[in-house]
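The structure appears right after this line, and notes come after that.
Residue numbers (the working numbering), protein chains in the order written: chain U, 168 to 471; chain W, 168 to 471.
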């Protein structure tokens with residue numbers, strides 16, 4: 168049970184030599200996701216030694232270039248490497264047309280099955296779940312239709328209290344899974360041992376919320392309440408709040424305000440505008456409102 | 168009068184940390200062109216200090232990703248930087264739809280006028296000319312509709328023979344341009360001095376042919392005859408000639424063969440497959456047929 172987030176790129180607008188646009192690699196309970204895919208993401212994946220084959224699902228927040236323009240290249244490269252596993256892409260309506268048009272005009276036939284899940288809902292909806300993880304949209308407010316994504320671990324197995332289990336000779340190793348699944352144990356004499364006396368509660372499930380791009384929007388607070396890690400965009404500093412309002416982005420203070428209202432454990436800021444030379448200003452501004460804040464940085468890995 | 172070619176990327180297939188896909192920046196008589204635009208080209212332009220605003224026309228050979236996927240990003244970035252000058256894009260039919268679909272879905276309104284010139288002809292045709300340069304297509308044979316491009320300087324001005332011009336007191340500085348344009352000089356006494364005695368022939372115009380991607384195709388020889396510089400793709404070595412035939416690419420030997428037949432001055436090879444560890448093998452193979460060969464290399468500048 169763990170969540171590991173790798174920042175592949177965390178700058179806004181245009182890819183530059185030392186500033187890659189948004190992309191993140193998320194491992195959660197051994198499921199591996201890519202979140203957003205700005206131009207050059209496939210090079211960033213190589214640089215940070217993320218195996219292409221690991222990625223099973225890609226979540227695109229919105230159809231602006233700094234979150235999208237690396238997707239067609241990655242989809243093509245997967246095929247050049249003869250990927251076999253199916254790939255799921257989640258994103259706004261139109262994303263399928265963008266990708267398939269380019270593949271068709273290039274007469275490219277992919278080696279694998281590409282499945283699109285186009286999103287249109289303006290409410291937070293469950294878009295994927297299996298026994299390890301569930302993924303919900305977080306409707307954001309930007310210049311185009313945009314979703315953040317909430318990734319939640321499923322509640323894990325109960326933990327065996329070996330001290331108790333070991334005392335009962337009738338309990339065999341092959342019974343362990345039933346106990347972990349919460350079942351009581353039936354003795355040969357017909358008596359029942361309650362599960363609670365043999366196992367303890369599983370670790371509380373962890374959660375990660377990705378929120379980019381968006382204006383300051385407290386409506387998302389209930390959706391992201393008490394997540395363990397919140398990535399929130401902070402394109403501007405508060406001194407440029409007017410620009411943030413105009414372009415429907417957030418300031419570092421806005422992001423910290425949301426983190427505080429949502430009582431999250433940790434905040435990570437990103438999507439910094441290139442107008443600022445010192446990114447530490449974002450940290451200082453956010454920490455006046457929300458102490459447990461870190462700055463996104465290419466190659467940063469955060470493990471929960 | 169000069170041609171300067173900067174290699175921004177020269178590898179096939181997928182962008183890697185130290186291998187960028189095809190893109191070249193060409194300056195010819197102070198006109199500045201981009202040829203092909205693989206993913207990451209805008210970063211390569213920055214790296215090699217090419218001013219974005221210089222580029223007036225972009226020529227795309229075909230709609231495969233390693234020649235195209237950086238275009239939408241560059242078009243968008245130009246607008247983020249508030250480009251005003253119009254931009255012309257030449258490429259196969261479909262290129263306009265690819266770019267405009269992505270701009271529309273991202274609700275992007277460009278700051279400048281973007282003009283597409285979609286190509287469909289299977290013959291070599293003139294697609295652009297002004298008083299400095301003319302550009303022709305070079306129909307290539309690949310898995311999709313593909314054109315190379317032939318860039319030709321226009322014949323320059325005649326050169327003043329100052330020794331002769333200086334002897335004639337009646338010739339003023341303001342007469343120089345007429346002489347450079349080839350006009351005879353009319354003396355006050357009505358006599359005529361022939362231009363040939365006052366000026367010498369201009370430097371012979373230079374030319375550059377870009378040929379990628381293509382199978383071995385001697386039909387292009389008449390079009391590129393005696394160019395000063397030929398870039399020809401060499402994806403494979405001759406030992407993998409079967410692969411070259413199958414994928415409609417060329418070997419280093421094929422490229423050298425074309426250079427020899429076309430009697431070009433210099434050959435530059437590129438589009439190397441990642442399967443080879445030692446790119447010098449391409450050079451060795453080509454030079455057995457055509458001595459004046461060089462290897463493309465990121466950042467290489469060739470001036471004619």
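Heads up, the beta-carbon is just placed ideally off N, CA and C, and yes, glycines get one too.
- The three-state secondary structure of residue 292 of chain U, taken from DSSP, is coil.
- Neighbours of residue 232 of chain U in chain W, taken as residues whose beta carbon is under 7 Å from its own, are 239, 240, 243, 273 in chain order.
- Residue contact check for residue 210 of chain U against chain W: a CB pair falls below 8 Å.
- The residues 381, 382, 383, 399, 400, 401, 402, 411, in chain order, have a CB closer than 7 Å to that of residue 417 of chain U in the same chain once the five nearest residues on each side in sequence are set aside.
- In the structure shown, residue 175 of chain U falls within a strand segment according to DSSP collapsed to helix, strand and coil.
- Proximity to residue 286 of chain U across U:314, U:296, U:297, U:363 peaks at U:314, based on C-alpha coordinates.
- The stretch 252 to 263 of chain U makes no contact with the stretch 206 to 220 of chain W: fewer than 3 CB pairs, one atom from each, lie closer than 8 Å.
- The alpha helix (DSSP H) runs of length 4 or more contained entirely in the stretch 235 to 320 of chain W are, from start to end of the chain, 238 to 247, 262 to 272.
- Judged by DSSP in its simplified three-state form, residue 470 of chain U adopts strand.
- For residue 279 of chain W, the CB contacts under 8 Å within the same chain, skipping 5 residues up- and downstream, are 245, 246, 250, 251, 252, 253, 254 in chain order.
- The three-state secondary structure of residue 224 of chain U, taken from DSSP, is strand.
- For residue 182 of chain U, the nearest CB of chain W lies under 8 Å from its own CB, placing it at the interface with that chain.
- For residue 382 of chain U, the three-state secondary structure derived from DSSP is coil.
- In terms of beta-carbon proximity, residue 247 of chain U lines the interface with chain W, with at least one pair separated by less than 8 Å.
- By a beta-carbon distance limit of 8 Å, residue 469 of chain U contacts residue 396 of chain U. Their separation comes to about 6 Å.
- For residue 210 of chain U, the enclosing alpha helix (DSSP H) begins and ends at 208 to 214.
- Residue 289 of chain W sits exposed, since fewer than 16 C-beta atoms from the chains shown fall within 10 Å of its C-beta.
- Contact with chain W is absent for residue 461 of chain U, since none of that chain's Cβ atoms lies less than 8 Å from the residue's Cβ.
- Excluding sequence positions up to five before and after residue 364 of chain U, its CB lies within less than 7 Å of the CB of 331, all in the same chain and listed in chain order.
- Under the three-state reduction of DSSP, residue 456 of chain W is assigned to coil, being neither helix nor strand.
- In summary, the residues of the stretch 197 to 231 of chain W whose CB is separated from some CB of chain U by less than 9 Å are 205, 206, 207, 209, 210, 213, 214, 229, 230, 231, in the order they occur in the chain.
- About 6 Å separates the beta carbon of residue 317 of chain W from that of residue 391 of chain W, a gap short enough to meet the 8 Å contact definition.
- Bridge partners of residue 430 of chain W according to DSSP: none are assigned.
- Of all residues in the stretch 308 to 327 of chain W, only 310, 311 place a beta-carbon less than 8 Å from a beta-carbon of chain U.
- The way I'd put it, the stretch 198 to 215 of chain W does touch the stretch 173 to 189 of chain U; three or more beta-carbon pairs between them come closer than 8 Å.
- Assignment of residue 343 of chain W by DSSP, reduced to helix, strand and coil, places it in the helix class.
- Contact annotation: in the stretch 255 to 285 of chain W, residues whose CB is within less than 7 Å of a CB in chain U are 261, 264, 265, 268, 269, 272, 273, 274.
- Of all residues in the stretch 420 to 446 of chain W, none comes within less than 9 Å of chain U when Cβ atoms are compared.
- Residue 400 of chain U: member of the beta strand (DSSP E) spanning 396 to 400, first to last residue.
- Taking C-beta atoms as the reference points, residue 205 of chain U and residue 240 of chain U fail to come closer than 8 Å.
- The closest CA to that of residue 439 of chain W, considering only W:455, W:196, W:456, W:463, is found on W:463.
- Residues of the stretch 339 to 361 of chain U with a Cβ closer than 8 Å to any Cβ of chain W: none.
- If the five residues before and after residue 354 of chain U are omitted, its C-beta is found closer than 7 Å to the C-beta atoms of 337, 360, all from its own chain and listed in chain order.
- Using a Cβ-Cβ cut-off of 9 Å, residue 236 of chain U is close to 206, 236, 237, 239, 240, 243, 269 of chain W, given in chain order.
- Between the alpha carbons of residue 454 of chain U and residue 460 of chain U lies a gap of roughly 6 Å.
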